[in-house]
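Numbering (mature numbering (1 follows the signal peptide of the UniProt record, and there is no 0)), first residue to last: -17 to -1, 1 to 575.
Glycine is no exception: its CB is placed at the ideal position from the N, C-alpha and C atoms.
As the structure is a computational prediction, the values presented were derived from the model and not from experiment.
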Ligand SMILES: Cc1cc2nc3c(=O)[nH]c(=O)nc-3n(C[C@H](O)[C@H](O)[C@H](O)COP(=O)(O)OP(=O)(O)OC[C@H]3O[C@@H](n4cnc5c(N)ncnc54)[C@H](O)[C@@H]3O)c2cc1C
């Protein structure tokens, strides 16, 4: 045992423990190999440097540049420009502090990859995949870097970045499968997204063609990567189904380097796995063709409730009351997002829900308004100015795109200290369950007991299920509980800046063992959305994949027998572990 540990620490680990090679190992590829790789990808190989390196003494120190970086650090578009920029870094080993003043000791790549192939075509991806396999180097696939549990990061790795594959957006008025023999029951329109386009670009393109696609509520999320392959919800999912249900075909680079089309007729098992089984696991998607639907007029409702005396308890009770009506609103066609927030001494509930309406007639609009008023607003207005400040507003938009552009900026900030716990809620866990919901909310927002607690918390209430999401769709592999889901509730907690590692652990434990369990207690047999979940949930297989896990693993073994693709808590990931030896990152090694 002692000998094994010593060997692991002395660089022999890659041989003895079947680890991926890292820069400190003898097996790490030589400079000439990296140079050859660079040539074969047309000079698109990047040697990564920490983004905030100019803040640190030594070569490259630049106080002005450091200040500029600090200002933009929490903006997703800024992070996205760097191959190693992440919206949710989880572990930040080079924060943008003025290190010369603070004598901050550390600035290294940490979990960020060592090299990046800035791929511009499928062939670059294939070259990178083969290089990683032949040289036993850990491989990471990244699109926008939005992943919440760090699946597009990896210590000592080679990354393939698909952001700059931009083979265009292509509109087909009437979809025809590429293989003329393949039967499809989709005769509507379709859009082929040929690379690393963000949803905002795809929405814009769809709208120009008078169409809607199901995409993220956040416009900066990538369209064909982890979002699409892991499920994908948005305001339109209630009406048309999950984003992954919309995929008609994928172009995929396999672990062998071969490029294939996966559809309901070709590589059907791969197609099914890529429709819900998660990104970074089965292959690298370089394009996806998705359904495009006719646009609709939209009626939206925004509501804001703030307790007059700042009482959190009153707000939790009224939120529970509103949540208990969600299934009724959803069954009437409303969908969207709400937040319950406690931050900087303030508490509030806020939602923007929308309904795609069939016509602009005053009867249709009037009826839709009546539902919201009867179920939610009328009761609240009775308490307006006495117990709460209530703001309620309806808006009418001629199309989905106008709604999207006119309802907030749809862009979350990057966050360096968040922890998330989430859960699906079906109809029976919500409808008229005020008391249970109120008790659960109290647990989620409690700061009682010894130890460090979250400084601020946001409960994101994603009313994105119901409707078409409830329909079983052939050739999909999302957690079966998605098909019973009305609400996806996501608790996001922020630990204090000065929490220290023990304090951070306490906040994480509270999220996993207290808050997540409180949500689970109300929703037996449900699960959660693998893209927005607690990475420390010990029951992740069951909670993220449910009964599909075993089948997904068999597809993984078929298409990636040598385990070239690996990401944290992805299908098949349990065969490997990151050997950290008490630090915060380390090599990826095969478990015995
Ligand atoms: C600010 C923010 C807002 C969000 N809003 C929504 C939302 O509205 N709806 C929703 O459903 N989710 C939302 N999410 C969650 C989002 O779906 C996940 O973070 C998702 O993993 C992002 O995918 P990505 O490809 O953009 O990110 P990345 O971090 O680049 O990749 C995520 C995973 O997919 C893999 N991957 C990336 N590209 C490919 C590819 N081409 N082929 C194969 N694997 C690939 C990566 O290896 C990694 O495992 C949001 C997340 C954030 C941070």
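Alpha helix (DSSP H) segment containing residue 283, residue limits: Locating residue 283 in the chain shown gives position 300, where the first residue counts as 1. No alpha helix (DSSP H) holds residue 283; the beta strand (DSSP E) holding it covers 281 to 290.
Distance CB(residue 299)-CB(residue 424) smaller than 7 Å: As a position in the chain shown, residue 299 is number 316, starting the count at 1. As a position in the chain shown, residue 424 is number 441, starting the count at 1. Less than 7 Å divides the Cβ of residue 299 from the Cβ of residue 424.
DSSP three-state assignment for residue 17, whether helix, strand or coil: Position 34 of the chain shown, counted from the start, is the residue given in the question as residue 17. Helix, per DSSP.
Strand pairing of residue 4, partner residues [DSSP]: As a working note, residue 4 is residue 21 in the chain shown. Residue 4 pairs with 120.
Endpoints, alpha helix (DSSP H) assigned at residue 352: Along the chain shown, read from residue 1 onward, the residue named residue 352 stands at position 369. Residue 352: member of the alpha helix (DSSP H) spanning 345 to 355, first to last residue.
At least 3 beta-carbon pairs within less than 8 Å: the region 227 to 237 vs the region 100 to 114: A contact exists between the region 227 to 237 and the region 100 to 114.
Start-to-end residues for the alpha helix (DSSP H) that takes in residue 387: One-based indexing of the chain shown puts residue 387 at position 404. Looking at the DSSP string, the run of the alpha helix (DSSP H) that includes residue 387 is 383 to 388.
Check: residue 514 C-beta below 6 Å from any heavy atom of ligand 1: For the purposes of this step, residue 514 is taken as residue 531 along the chain shown, with counting starting at 1. Residue 514: yes, Cβ under 6 Å from ligand 1.
Own chain, CB closer than 7 Å to residue 189, minus 5 neighbours either side, in chain order: Translated into the one-based positions of the chain shown, residue 189 becomes position 206. So the list reads 174, 195, 196 and 275, once near-sequence residues are dropped.
Contacting residues, own chain, Cβ-Cβ under 8 Å from residue 185 (five flanking each side not counted): On the chain shown, position 202 is the one that residue 185 refers to. The residues are 152, 174, 176, 196, 198 and 206.
Residue 49: first and last residue of the uninterrupted beta strand (DSSP E) it sits in: What you label residue 49 is simply residue 66 of the chain shown in a count that begins at 1. Counting along the chain, residue 49 falls outside any beta strand (DSSP E), though it belongs to the alpha helix (DSSP H) covering 46 to 55.
Beta-ladder partner(s) of residue 336, from DSSP: In the chain shown, residue 336 corresponds to position 353, counting from 1. Residue 336 is bridged to 284 and 319.
Outcome for residue 220 when other beta-carbon atoms lying within 10 angstroms are tallied against a minimum of 16: On the chain shown, residue 220 is found 237 positions in, with the first residue counted as 1. That one is buried.
Where residue 262 falls, given that 16 or more other Cβ within 10 Å makes a residue buried: Walking along the chain shown from the start, residue 262 turns up at place 279. So residue 262 ends up on the buried side.
Proximity test, residue 76 beta-carbon vs ligand 1 heavy atom, cut-off 6 Å: On the chain shown, position 93 is the one that residue 76 refers to. For ligand 1, not one heavy atom lies less than 6 Å from the Cβ of residue 76.
Outcome for residue 455 when other beta-carbon atoms lying within 10 angstroms are tallied against a minimum of 16: Working through the chain shown from its first residue, we reach residue 455 at position 472. Around the beta carbon of residue 455, fewer than 16 other beta carbons lie within 10 angstroms, which makes this residue exposed.
Residues of its chain near residue 91, where Cβ-Cβ distance is below 6 Å and the 5 sequence neighbours each way are ignored: The residue labelled residue 91 in the question sits at position 108 within the chain shown. Contacts found: 76.
Classification of residue 102 by the beta-carbon crowding that lies within 10 angstroms, buried from 16 upward: Locating residue 102 in the chain shown gives position 119, where the first residue counts as 1. Under this definition residue 102 is a buried residue.
Residues near residue 117 by beta carbon distance below 8 Å, same chain, minus five either side: Here the question's residue 117 lines up with position 134 in the chain shown. Contacts found: none.
Residue 486 beta carbon less than 7 Å from that of residue 469: Locating residue 469 in the chain shown gives position 486, counting from the first residue. Locating residue 486 in the chain shown gives position 503, counting from the first residue. Going by C-beta atoms, residue 469 is not nearer than 7 Å to residue 486.
Residue 395 CB to nearest heavy atom of ligand 1 below 6 Å: Within the chain shown, the letter at position 412 stands for residue 395. Result yes, Cβ under 6 Å from ligand 1.
Beta carbon of residue 144 nearer than 7 Å to that of residue 99: Walking along the chain shown from the start, residue 144 turns up at place 161. Walking along the chain shown from the start, residue 99 turns up at place 116. In this structure, the beta-carbon distance from residue 144 to residue 99 falls below 7 Å.
Closest Cα partner of residue 542 within the set 149, 166 and 251: By one-based count along the chain shown, residue 542 stands at place 559. Closest in C-alpha terms to residue 542, from the list 149, 166 and 251, comes 251.
First and last residue of the uninterrupted beta strand (DSSP E) at residue 178: Here residue 178 corresponds to residue number 195 of the chain shown, with the count starting at 1. Residue 178: member of the beta strand (DSSP E) spanning 172 to 178, first to last residue.
Length of the line joining the Cα atoms of residue 226 and residue 492: On the chain shown, residue 226 is found 243 positions in, with the first residue counted as 1. On the chain shown, residue 492 is found 509 positions in, with the first residue counted as 1. Roughly 32 Å between the two C-alpha positions.
Member of 38, 571 and 567 whose CA lies at the smallest distance from the CA of residue 74: Looking up residue 74 in the chain shown gives position 91. Of 38, 571 and 567, the residue nearest in Cα terms is 567.
Backbone CA spacing between residue -8 and residue 271 [nearest angstrom]: On the chain shown, position 10 is the one that residue -8 refers to. On the chain shown, position 288 is the one that residue 271 refers to. Here the model assigns residue -8 a pLDDT of 44, short of 50, so the residue's position is not dependable, and the following value carries that caveat. Going from the Cα of residue -8 to the Cα of residue 271 covers about 45 Å.
Buried/exposed call for residue 215, threshold 16 Cβ in 10 Å: On the chain shown, position 232 is the one that residue 215 refers to. Under this definition residue 215 is a buried residue.
Pairwise C-alpha distance: residue 499 and residue 505: Your numbering for residue 505 matches position 522 in the chain shown. Your numbering for residue 499 matches position 516 in the chain shown. One C-alpha to the other measures close to 10 Å.
Residue 556 (DSSP reduced to helix, strand or coil): To locate residue 556, count along the chain shown from 1; it is residue 573. Taken through DSSP and simplified to helix, strand or coil, residue 556 comes out as helix.
Whole-angstrom distance between residue 438 and residue 483, CA atom to CA atom: Taking the chain shown and counting its residues from 1, one reaches residue 483 at position 500. Taking the chain shown and counting its residues from 1, one reaches residue 438 at position 455. The C-alpha of residue 483 lies about 14 Å from the C-alpha of residue 438.
With 16 other Cβ atoms within 10 Å as the buried cut-off, status of residue 2: If you number the chain shown from 1, residue 2 lands on position 19. With 16 or more Cβ atoms within 10 Å of its Cβ, residue 2 is classed as buried.
Residue 210 CB to nearest heavy atom of ligand 3 below 6 Å: Judged by which ligands are present, ligand 3 is missing from the structure shown, whose ligands are ligand 1.
Nearest-angstrom Cα separation, counted from residue 410 out to residue 343: Taking the chain shown and counting its residues from 1, the one referred to as residue 343 is at position 360. Taking the chain shown and counting its residues from 1, the one referred to as residue 410 is at position 427. Looking at the two C-alpha atoms, the distance is approximately 30 Å.
Residue 573 versus residue 154 - alpha carbon distance: In the chain shown, the residue the question calls residue 573 occupies position 590. In the chain shown, the residue the question calls residue 154 occupies position 171. So the alpha carbons of these two residues sit roughly 44 Å apart.
Heavy atom of ligand 1 within 6 Å of residue 216 beta-carbon: Taking the chain shown and counting its residues from 1, the one referred to as residue 216 is at position 233. Remark: the C-beta of residue 216 is in contact range of ligand 1, defined as less than 6 Å to any heavy atom.
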